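In UniProt numbering, the protein residues as written are 1 to 113.
Backbone N, C-alpha and C fix where the C-beta goes; we use that ideal spot for every residue, glycine too.
Predicted model only: the values in this text are computed from it and were never measured.
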Amino acid sequence: MPKQNYLCIQRSPAGNCEPPPPSQMQEMFAKFQSWSEKFKDNFVDMGGKLAEGGKVVGAEGTVDGPFAESKEIAGGYMIISAESMEEAIKIVEESPGIGMPGSTVEIRQIQTP
């Protein structure tokens, strides 16, 4: 089966959270390095952290966004290549970032003509 690309959007609760202590940050970084090495052939675009704010564009005009009343924010993204949604889920489930309190990842297949 040919591989498909999947957009992964990381979401976390809105609001400021305390950064973990340096020792925990080092452990998280080591886990991330191990995970990214394991799945390096699946990464199309490692993406990155999204800046706060942004704009929402529609037929009625452009407004500031995301909205203050949002309970969660899109904090980052990546594009992975996988043979199936199940494989994409496995890759994301093993991601160290998924273990952060309240963190979720939305996975959407990118349709190709």
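For Met-100, which of helix, strand or coil comes out of DSSP? coil
Using the Cα positions of Pro-113 and Pro-21, report the straight-line distance between them to the nearest angstrom. 47 angstroms
Is Ile-80 buried or exposed, if buried means 16 or more other CB atoms sit within 10 Å of its CB? buried
Note down, in chain order, each residue of its chain lying with its Cβ closer than 8 angstroms to the Cβ of Gly-47, except the 5 sequence neighbours on either side. Cys-8, Gly-76, Tyr-77, Met-78 and Ile-79
Once DSSP output is grouped into helix, strand and coil, what is the label at Lys-49? strand
Take every Cβ of the region 55-64, pair it with every Cβ of the region 21-39, and state whether three or more of those distances are shorter than 8 angstroms. no
What residue range does the beta strand (DSSP E) around Pro-13 cover? 4-13
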